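S.K.: Under this note's numbering, the letters of the sequence shown match residues 8 to 70, in that order.
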Amino acid sequence: MPAQDNAETTLTREDVVKVAMLARLALSDAELSSLTDELSQIVGLVSQLSELNTDDVEPLAHP
């Protein structure tokens with residue numbers, strides 16, 4: 008799997024606003040800022056995991 012550009016893995020405030028709206032969550036400005044930072048970090052970590060070489064790792068029968 009190719010490495011992704013960091014710009015693709017960074018969530019914007021607008022992204023979080025849209026997800027919050029779809030989930031029908033009312034977020035304050037402070038919550039929105041905090042969640043934007045936290046979710047961007049999580050997406051960045053998942054991106055790092057996707058870069059790992061797993062060619063020699065056997066699939067699990069039950070993840």
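Heads up, the beta-carbon is just placed ideally off N, CA and C, and yes, glycines get one too. What you are looking at is a predicted structure, and each value in this text was computed from that prediction instead of being measured.
Mapping DSSP to helix, strand and coil, what is E65?
M.R.: DSSP places E65 in coil when its eight states are reduced to three.
S.K.: Consult DSSP for V24 and reduce its assignment to one of helix, strand or coil.
M.R.: DSSP places V24 in helix when its eight states are reduced to three.
S.K.: Let's see if you can read the secondary structure: which residues bound the alpha helix (DSSP H) around T43?
M.R.: Segment D36 to S57, the alpha helix (DSSP H) holding T43.
S.K.: Touch check for the segment 54-67 and the segment 19-31: three-plus C-beta pairs under 8 Å?
M.R.: Counting Cβ pairs under 8 Å, fewer than three are found: no touch.
S.K.: Please check the pair V23 and L42, which I expect to be a contact at CB under 8 Å, by giving their CB distance rounded to whole angstroms.
M.R.: Yes, they are in contact, since the Cβ atoms of V23 and L42 sit about 5 Å apart, within 8 Å.
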